[in-house]
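Right, one structure below, let's go through it.
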Amino acid sequence: MFKILNKKSFLVIFLLIAFGISLLLTGCATKQEPAPTPTPTPMKTVVGLSISTLNNPFFVDLRDGAKAAADANGMDLIVMDAQDDASKQLANIENLIQQKVSIIIVNPVDSKAIVPAIEAANKANIPIITVDRGAAGGQIVSAIASDNIAGGKMAGQLIIDKLGGKGKVVEIEGVPGSSAANDRGKGFNDAIKTVAGISVVAKQPADFDRAKGMKVMENILQANPEINAVFAHNDEMALGALEAIKSAKRTGVIVVGFDATADAVKAVNDGTLTATVAQKPKDMGKIAIETAKKVIAKESVATTIPVALELVVKK
Amino acid sequence: MSNGRIGKLAVISRMGPLLGLILLGIALTLLSDRFLTINNLLNVTRQVSINAIISVGMTLVILTGGIDLSVGSIIALAGSITAGLLVSGQSILPAILTGMVVGGVLGLMNGLLITRAGIPPFIATLGTMTVARGLTLVYTDGRPITGMEEGFRFLGGGYISGIPVPVIVMVFIFVSAYIMLKKTRLGRYIYAIGGNEEAARLSGINTKKILLSVYILAGLLAGFSGIIMASRLNSAQPTAGVGFELDAIAAVVLGGTSLSGGVGTIGGTLIGALIIGILDNGLNLLNVSSFYQQIAKGLVILLAVFLDKKRK
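Sequences listed follow chains A and B, in order. Going by this note's numbering, the first sequence opens with residue 6, and the numbers climb by one from there. Going by this note's numbering, the second sequence opens with residue 39, and the numbers climb by one from there.
Have a look at this one:
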């Protein structure tokens with residue numbers, strides 16, 4: 006009985022594989038066929054967008070901004086999601102190169118791991134623009150990013166002003182070693198250091214995660230009877246910290262986040278979150294497409310394009 | 039060897055994780071005057087409750103010699119669906135039940151893949167983990183779901199006579215699982231399957247049915263903790279629960295359950311979950327720098343398992 010079953014399943018698997026191979030072969034064959042005649046009709050410009058992850062509202066917004074701008078400019082946009090996996094992103098970009106897109110906009114999973122993909126695009130003469138995160142090597146036409154150090158400083162300055170230059174402050178950090186955590190932390194601490202009356206009583210990581218932000222804040226509240234302000238390296242952690250502060254029934258604690266996600270802006274308008282620093286992911290996507298358009302038209306573009314940040318406070 | 043000696047060894051071996059927990063508690067009490075307060079202990083047990091509830095399911099699975107990697111993704115999917123239903127105007131109880139059923143169905147899928155298709159648990163649940171995470175992203179469109187009615191917060195954030203609701207739920211689930219493992223046929227069969235699945239099958243136990251029940255239970259419990267988490271955060275996160283399967287496995291193993299199945303207790307798992315939670319809490323209280331925290335956590339897990347191995 007088992008033997009028969011095995012034979013049957015073997016047959017099924019064999020047929021499936023044969024079917025797959027035949028599909029592949031026909032696919033390749035059609036690809037290898039030369040185009041009948043080089044069509045002179047103006048082709049729609051195709052732009053590749055390789056995103057680190059769409060498992061995060063920030064990058065979903067970035068994609069939406071790029072999509073809207075591409076539609077407005079009559080360009081086709083191919084979006085690839087690397088799911089935060091650097092090797093998947095390399096494959097994605099290789100696929101974009103195979104599709105002979107006019108230009109590739111990359112939001113790297115990792116600034117070092119992206120270099121081989123960029124070099125591959127360079128070799129194929131496809132220009133590369135980076136958004137949000139930069140790349141550590143290869144030829145980049147333009148790097149579009151918001152200034153995280155400046156954003157950290159803005160948050161720090163707001164806390165200094167709100168506290169009148171005196172108080173105990175908590176810093177909730179992002180993924181240890183990530184560039185966003187490093188830069189936002191640096192800007193914040195640079196600002197705080199200038200004021201003698203303000204001390205950072207706790208500085209703990211919560212990996213940009215809301216549940217962890219809540220947990221870490223609960224623990225910090227246990228350790229510190231007096232806390233006047235919290236700066237979290239992103240909104241998710243800030244909103245988690247806010248829940249912790251709420252359930253500990255502490256009042257008058259200033260909480261500042263970063264990113265201006267929809268949830269956070271709502272919390273700011275409700276008066277629960279003091280402020281958030283808006284990166285503008287939609288603008289980032291839009292500027293990336295506009296820059297891509299200029300590059301394709303052989304216009305000159307700046308090598309780095311800072312995207313403005315702004316403090317979002319209750320109107 | 040006399041029976042008495044075996045008894046003593048068994049007792050010491052079972053006490054190992056508890057001793058570790060007590061030592062950790064004493065160390066933190068000495069290092070921080072904020073650790074041993076009623077307030078902080080309630081805080082820690084509430085933080086532990088979510089991992090602990092998943093770990094109950096994970097204990098059952100590991101006792102049968104299996105593993106369940108899909109619990110973290112089930113947390114996200116169940117939490118999102120419950121939150122989504124609430125936002126769309128569904129009332130609380132049906133929304134929670136639907137979320138739990140989703141967890142149970144994914145557990146059933148694990149069980150069927152393992153018992154009917156003969157796929158090893160590691161691979162079957164890895165597949166479910168990926169599918170469930172994908173379904174969560176499709177359902178939420180990659181964004182957190184917020185705006186549930188205020189009453190939903192009670193499950194994760196409420197108190198009954200001063201004790202956090204998730205802690206009460208956790209205790210109830212642990213007691214039920216303890217009774218199930220000790221007193222019921224299902225419990226004994228779970229140990230029998232982990233000890234030797236073939237022997238269990240030959241002695242007339244319907245091993246497929248037992249395994250199916252175990253994976254369904256693991257899915258239901260993961261789904262329920264996802265709902266508690268959504269309630270605590272007052273929002274459902276598409277990224278919720280990433281890596282939670284590892285914390286649950288760590289809790290089970292720290293609690294003295296053998297990864298090869300057949301040996302272990304539910305009480306040990308509670309202690310394992312508490313050790314992990316208290317370690318996190320202590321590192322925060324002591325304001326240990328972020329870079330050192332991960333080293334500390336990894337070392338404690340290795341040390342605990344090493345000592346356990348040595349005792350045996």
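We treat Cβ as the ideally placed atom computed from N, Cα and C, and that holds for glycine.
**Message:** Counting only beta-carbon separations shorter than 9 Å, does B:A121 have a partner in chain A?
**Reply:** no
**Request:** For A:V317, decide whether its Cβ has a neighbour in chain B, counting only Cβ atoms nearer than 9 Å.
**Result:** no
**Residue-chain proximity (B:A278, chain A), Cβ-Cβ < 9 Å** = yes
**Message:** I'd like to know whether the C-beta atoms of A:I83 and A:V106 end up nearer to each other than 9 Å.
**Reply:** yes
**Request:** In the DSSP assignment, find the beta strand (DSSP E) that holds A:Q209 and state where it starts and stops.
**Result:** I203 to P210
**Message:** Let me make sure I understand the geometry here. Which of A:G70, A:P121 and A:G79 has the alpha-carbon closest to that of A:K93?
**Reply:** A:P121
**Prompt:** Which of helix, strand or coil does DSSP assign to B:A274?
**Reply:** Three-state result, B:A274: strand.
**Message:** Once DSSP output is grouped into helix, strand and coil, what is the label at A:F213?
**Reply:** coil
**Item:** alpha helix (DSSP H) segment containing B:T166, residue limits
**Value:** Here the alpha helix (DSSP H) through B:T166 covers P159 to T178.
**Message:** Looking at B:G145: is its Cβ nearer than 9 Å to the Cβ of B:I112?
**Reply:** B:I112 is positioned such that its CB atom lies closer than 9 Å to that of B:G145.
**Stretch-stretch touch, CB-based, cutoff 8 Å, three pairs: the segment 167-177 of chain A with the segment 221-241 of chain A** = yes
**Message:** Could you tell me which whole alpha helix (DSSP H) segments of length 4 or greater appear in the segment 230-300 of chain A?
**Reply:** 240-252 and 267-275
**Item:** Contact set between B:T184 and chain A, taken where Cβ atoms lie within less than 8 Å
**Value:** D268 and K271
**Prompt:** Among residues of its own chain, excluding the 5 on either side of A:A280, which ones have a beta-carbon nearer than 7 Å to its beta-carbon?
**Reply:** L163, V261, V273, L316, V317 and V318
**Prompt:** Over what stretch of residues does the beta strand (DSSP E) that includes A:A150 continue unbroken?
**Reply:** Counting along the chain, the beta strand (DSSP E) containing A:A150 begins and ends at S147 to S151.
**Item:** Contacting residues, own chain, Cβ-Cβ under 7 Å from B:V280 (five flanking each side not counted)
**Value:** Cβ neighbours of B:V280 within its own chain (closer than 7 Å, five residues either side excluded): G110.
**Prompt:** Should the segment 198-218 of chain B be called in touch with the segment 79-96 of chain B, which here means at least 3 C-beta pairs below 8 Å?
**Reply:** yes
**Request:** Please report how far the alpha carbon of B:I316 lies from the alpha carbon of A:V206, in whole angstroms.
**Result:** 21 Å
**Prompt:** Taking the continuous alpha helix (DSSP H) assigned at A:D66, which residues delimit it?
**Reply:** P62 to A77
**Item:** For A:V120, the three-state DSSP class (helix, strand or coil)
**Value:** helix
**Prompt:** Do you know whose CA, among A:V52, A:G53, A:L67 and A:T50, lies nearest A:A283's CA?
**Reply:** A:L67
**Item:** Span separating the alpha-carbon of B:I330 from that of B:E236
**Value:** It should be noted that the sequence gives Tyr, not Ile, for residue 330 of chain B. Cα to Cα, the separation comes out at about 45 Å.
**Message:** Assuming the contact rule is C-beta atoms closer than 8 Å, A:S147 and A:I294 should be a hit. Round their C-beta distance to whole Å, please.
**Reply:** So it is not a contact: roughly 12 Å between Cβ atoms.
**Under 9 Å between C-beta atoms of B:V99 and B:Y227** = Their beta carbons are not under 9 Å apart, which means B:V99 does not touch B:Y227 by this criterion.
**Asked** When you compare each of A:G218, A:K220, A:P286 and A:G156 to A:K191 by their alpha carbons, which one comes out closest?
**Response** A:G156
**Prompt:** Which chain A residues sit within Cβ distance under 8 Å of B:Q128?
**Reply:** Near B:Q128 there are no residues of chain A at all, since even the closest Cβ is about 21 Å away, more than 8 Å.
**Asked** Taking 9 Å as the CB-CB cut-off, is A:R215 touching chain B?
**Response** yes
**C-alpha distance - B:S126 paired with B:M186, whole-angstrom precision** = 9 Å
**Message:** Would B:T75 pass as an interface residue toward chain A - the criterion being a Cβ-Cβ separation below 9 Å?
**Reply:** yes
**Message:** Helix, strand or coil for B:T75? Go by DSSP, reduced to three states.
**Reply:** Three-state DSSP puts B:T75 in coil, outside helix and strand.
**Distance between beta carbons of B:S241 and B:I91, contact taken as under 8 Å** = Rounded, the Cβ-Cβ distance is 32 Å, inconsistent with contact.
**Message:** Checking the sheet assignment: what are the DSSP bridge partners for A:D81?
**Reply:** A:V51
**At least 3 beta-carbon pairs within less than 8 Å: the segment 212-231 of chain A vs the segment 240-251 of chain A** = Note that the segment 212-231 of chain A touches the segment 240-251 of chain A; at least 3 beta-carbon pairs, one per stretch, sit closer than 8 Å.
**Item:** Any 3 or more C-beta pairs closer than 8 Å across the segment 117-132 of chain B and the segment 58-69 of chain B
**Value:** Not touching, per the Cβ criterion.
**Own chain partners of A:R255 with C-beta closer than 8 Å, once the 5 adjacent residues on each side are dropped** = L226 and I232
**Request:** To the nearest angstrom, report how far apart B:L193 and B:A278 are at their CA atoms.
**Result:** 17 Å
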